[in-house]
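The sequence shown stops at residue 154 when you use numbering that gives the first Met the number 0, and every number in between is there.
We treat Cβ as the ideally placed atom computed from N, Cα and C, and that holds for glycine.
If you're wondering where the values come from, they're calculated on a predicted model, not measured in any experiment.
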Amino acid sequence: MNSQVRRCSQMLVVVLLLAISGSALAAGASKDEAVAMVKKAVAAINTEGAEKVYAEISDPKGPFVDRDLYIVVLRMDGLVLAHGADKKRIGTNQLHDKDVDGKEFVKERMELARSESSFWQSYKFLNPVTSTIEPKQMYCERLNDTVVCGGVYQS
């Protein structure tokens with residue numbers, strides 16, 4: 000009986016360790032990681048050119064997608080130029096898109112970009128990893144007539 004209890008306890012420990020390590024791997028990106036990825040994207044666009052880097056940004060297996068963190072590039076009029084989580088948005092104007100609370104978050108983003116060279120923005124959006132609508136903090140930097148953004152989810 001004692002060996003059965005010990006064996007069950009050991010199995011429970013293994014299961015708990017696997018669950019903890021799995022959730023650590025699935026953990027979302029941090030704000031620091033979002034800022035670093037946006038800066039990396041801006042630097043790449045400046046040195047390698049928009050056309051090449053937009054293709055990399057829009058590649059879900061590319062260097063600008065990491066777990067739930069991905070880059071989005073919008074023209075100041077709301078046209079999506081690159082999107083790391085949803086290629087269907089590329090070439091569409093999202094200016095009047097609303098989140099689940101009715102907030103026109105792209106319009107707000109463009110207004111912020113007109114007055115700030117970099118900023119954080121809050122809204123709700125679909126997390127590509129969990130497939131649920133979650134609060135999101137988006138870090139953006141204005142680059143010429145575009146806005147380069149990457150965000151973190153707060154599940």
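Beta-bridge partners of Gln120 (DSSP): Met137. Per DSSP, the unbroken beta strand (DSSP E) holding Ile70 starts and ends at Leu68 to Arg74. Leaving aside the five residues that flank Val79 on each side, the residues in its chain whose CB is nearer than 8 Å to its CB run, in chain order, Val71, Val72, Leu73, Arg88, Ile89, Gly90, Thr91, Asn92 and Gln93.
Contact annotation: Val37 and Cys139 have beta-carbon atoms nearer than 9 Å. If you draw a straight line from the Cα of Asn126 to the Cα of Thr46, it comes to about 30 Å. Non-local C-beta neighbours of Asp144 in its own chain, meaning closer than 8 Å and more than five positions away in sequence, comprise Arg74 and Met75, ordered along the chain.
Put simply, the backbone Cα of Glu50 is about 23 Å away from that of Met137.
Take Lys102, set aside five residues on each side of it, and the residues of its chain with a beta-carbon closer than 6 Å to its own are Tyr122, in chain order. By the neighbour-count definition (other C-beta atoms within 10 Å, threshold 16), His95 is an exposed residue.
When the alpha-carbon of Val99 is set against those of Gly61, Trp119 and Pro134, the nearest one is in Pro134. Close CB contacts of Leu142 within its chain, under the 6 Å cut and outside five residues either way in sequence, are with Val41 (chain order).
Between Leu68 and Ala28, the CB-CB gap stays under 9 Å. Between Val105 and Val146, the alpha-carbon positions lie close to 10 Å from each other. In the structure shown, Ala43 falls within a helical segment according to DSSP collapsed to helix, strand and coil. Nearest to Glu32 by C-alpha distance, out of Asp58, Ile56, Ala43 and Asp65, is Asp65. Here Ala81 really is in contact with Ser57; their C-beta atoms are around 5 Å apart, less than 8 Å.
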